[in-house]
Structure formats: structure tokens, C-alpha cells
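**Q**
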Amino acid sequence: MKFYELPMGNIENKEIIEKQKIRELVEYERYCTDYGLKEQREKCWFKDGEIFTTWFKGKVTDYFNAKPTKRENKPDEKESHGHKINNTVVWLKDKKAIAEIICTLTFRTCLDGKWVDIQCNSRMHYRVEKRDGVWGIVYMEGIYEKDRMDSVFGDEPFYIKKEQLEKYRSNNFNMAARRDLYEGGLKYSEQWAGKDKPETIKKLYDDSSNWIFN
């Protein structure tokens with residue numbers, strides 16, 4: 012049985028309450044990520060948790076102390092990133108749960124002196140567990156579906172040539188190019204879960220199913 016086959020909709024009120032707690036937890040974790048609330052974000056996680064992002068794979072305690080490689084002369088004060096959340100789905104099994112935040116990753120960044128907006132349709136996939144009466148995150152990984160890049164100013168167009176973008180996976184051409192060309196290089200990109208490689212999502216879902224039922 013897969014986690015996404017768990018009952019949805021026709022559940023008891025107490026389960027609805029637990030799902031709401033989980034939803035608030037994971038959405039708040041993303042909020043803290045976007046707005047620099049480091050201490051509050053760390054409290055959302057159990058210390059033995061693990062995380063897989065576009066630039067890091069490993070223990071979440073190491074992730075909190077790590078910093079992505081940044082290029083020189085990067086105008087940090089004007090750049091921004093965030094998650095525009097569309098919906099959150101929660102599958103509950105006793106004291107374990109899978110949650111997926113359906114969202115758009117957004118980046119406003121300066122590349123070669125020109126400002127661009129990058130957006131990537133994504134799903135943030137969480138494993139959440141209840142210990143001593145408290146829900147906490149034990150795993151998070153992104154699923155990347157498709158992205159786009161637009162110039163911020165019409166009179167300052169910016170683009171990366173098609174043949175250069177095609178070196179990257181089709182689920183996030185532009186986000187991968189930004190990371191590779193301007194942010195210190197790619198890590199684990201072939202392992203990223205994405206719609207262009209169904210086997211990557213299958214592996215993630217199989218692992219989460221094994222976790223929630225054991």
C-alpha cells in the first residue's frame with residue numbers, strides 16, 4: 012500500500028485536528044525559511060531529521076549551519092526568494108504523516124547585471140512524526156515540475172541560450188542554470204525528484220510509503 016492510498020475526506024474529527032496541526036507546522040516551516048526566522052524554523056524539526064534541497068543533502072542540523080556558495084559582488088539586499096503556497100495535502104497514519112505543500116518557488120535575482128524573476132512549480136514533500144505528543148519534521152525533499160524565467164525590466168532583457176539550457180533537466184531548466192552558472196555549481200541534480208524523471212518521484216514515494224507503514 013502507498014501512503015497516497017490512505018483514507019481522505021471521510022475521517023474522524025480528531026484526525027482532522029491532527030492534520031491541521033501538521034499543515035500549520037510545515038507551512039510555518041516554509042514561512043520561517045522565507046523570512047529568516049532561523050530559531051523558529053529549527054524548532055519545527057526533530058534533530059535527527061534529514062533534508063534534500065537543490066544545494067544540500069544530509070542531516071538537517073548540518074544544513075542549518077551550512078551556507079550555499081555565493082558569487083562575488085552579489086547584491087543580496089535586493090535579491091529575494093520565497094514560496095507562494097497554493098495548497099497543502101496531508102496523509103495521516105497514527106503518529107506518522109506525509110505532507111506535501113503545493114507551491115511556486117520564486118526568485119528575484121541579478122544575473123550578469125540584469126534583473127530576472129524565476130518561478131518553479133514545486134511540491135515540498137515532508138515526513139512528519141509525533142513524539143511525546145509533539146509533531147516534528149523528520150524529512151523534507153522538493154519535487155520540481157516546471158519553471159520559467161522572465162526579465163524584470165522590458166528594456167533590459169536577459170536570456171540564457173537554448174542550447175545552454177538544454178544541458179539541464181527539463182523540469183527546472185532555469186533554476187538549475189542559475190544554481191550552476193551563478194551560485195557555485197550543481198549538486199545531486201540527477202537525484203532531484205522531478206516530473207521529467209518519473210523514477211525519481213517513484214523512489215521518493217516508495218521510501219515515504221515504507222516509512223509511514225513501518
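FYI, in this note's numbering the residues of the sequence shown are 12 to 225.
Yeah, the Cβ is synthetic: ideal placement off N, Cα and C, and Gly gets one too.
All values reported here derive from a predicted model rather than from experimental measurement.
Using the C-alpha atoms, what's the distance from TRP146 back to ASP59?
**A** The straight-line gap from Cα to Cα measures roughly 14 Å.
**Q** Between the stretch 153 to 165 and the stretch 181 to 196, can you find at least three pairs of beta-carbon atoms closer than 8 Å?
**A** Touching, yes.
**Q** Alpha carbon to alpha carbon, what distance is there between TRP56 and LYS141?
**A** The straight-line gap from Cα to Cα measures roughly 11 Å.
**Q** Between the beta-carbon of GLY153 and the beta-carbon of THR99, is there less than 9 Å?
**A** No, the Cβ-Cβ distance between GLY153 and THR99 is not below 9 Å.
**Q** Could you check which residue in PHE184, GLN31, TRP203, ASN21 has the C-alpha nearest to that of MET151?
**A** Comparing Cα positions, the closest option is TRP203.
**Q** Mind checking which residues open and close the alpha helix (DSSP H) that includes VAL37?
**A** Its alpha helix (DSSP H) spans residues 24 to 45.
**Q** Under 9 Å, do LYS92 and LEU122 count as touching if we go by C-beta distance?
**A** As written in the sequence, residue 92 is His, which differs from the Lys given in the question. Not in contact: HIS92 and LEU122 (Cβ atoms no closer than 9 Å).
**Q** Beta carbon of ILE96, beta carbon of ARG138: below 9 Å?
**A** No, they are not a contact pair.
**Q** Find out if the Cβ-Cβ distance for the pair ARG180, GLU201 is shorter than 9 Å.
**A** In this structure, GLU201 lies closer than 9 Å to ARG180 by Cβ.
**Q** Assuming LEU215 and HIS94 make a contact with CB atoms under 8 Å, what is their CB distance in whole Å?
**A** Not really, about 19 Å apart at Cβ, beyond 8 Å.
**Q** Exposed or buried, what is LYS70 when buried is set at 16 or more other beta-carbons lying within 10 Å of its beta-carbon?
**A** When all chains shown are included, LYS70 counts as exposed.
**Q** Grab the span of the beta strand (DSSP E) containing SER162 for me, first residue to last.
**A** Segment 145 to 162, the beta strand (DSSP E) holding SER162.
**Q** Is it the case that the Cβ atoms of LYS107 and ILE27 are separated by a distance below 9 Å?
**A** Against a cut-off of 9 Å, the Cβ pair of ILE27 and LYS107 comes out as no contact.
**Q** Write down the C-beta distance between GLU167 and LYS125 rounded to the nearest angstrom, noting that I regard them as a contact closer than 8 Å.
**A** GLU167 to LYS125, Cβ: 5 Å. Contact.
**Q** Among the candidates GLY196, LEU48, LEU103, whose CA atom is the shortest distance from the CA of ASN24?
**A** With distances taken between Cα atoms, ASN24 lies closest to LEU103.
**Q** Would a check of beta-carbon distances place MET19 closer than 9 Å to chain C?
**A** Among the protein chains of the structure shown there is no chain C, as only one such chain exists.
**Q** Starting from PHE75, trace the alpha helix (DSSP H) both ways and give me its first and last residue.
**A** Unbroken alpha helix (DSSP H) run through PHE75: 71 to 76.
**Q** Would you mind giving the Cβ-Cβ distance between ARG52 and GLU35, rounded to the nearest angstrom? I have them listed as a contact below 8 Å.
**A** With a Cβ gap of about 14 Å, ARG52 and GLU35 do not count as contacting.
**Q** Please state whether DSSP places LEU103 in a helix, a strand or coil.
**A** Strand, per DSSP.
**Q** Rounding to the nearest angstrom, what Cα-Cα distance links GLY47 and GLY144 in this structure?
**A** One C-alpha to the other measures close to 27 Å.
**Q** Quick check: what's the CA-CA separation for ASN76 versus GLU50?
**A** Taking the straight line from one Cα to the other gives about 12 Å.
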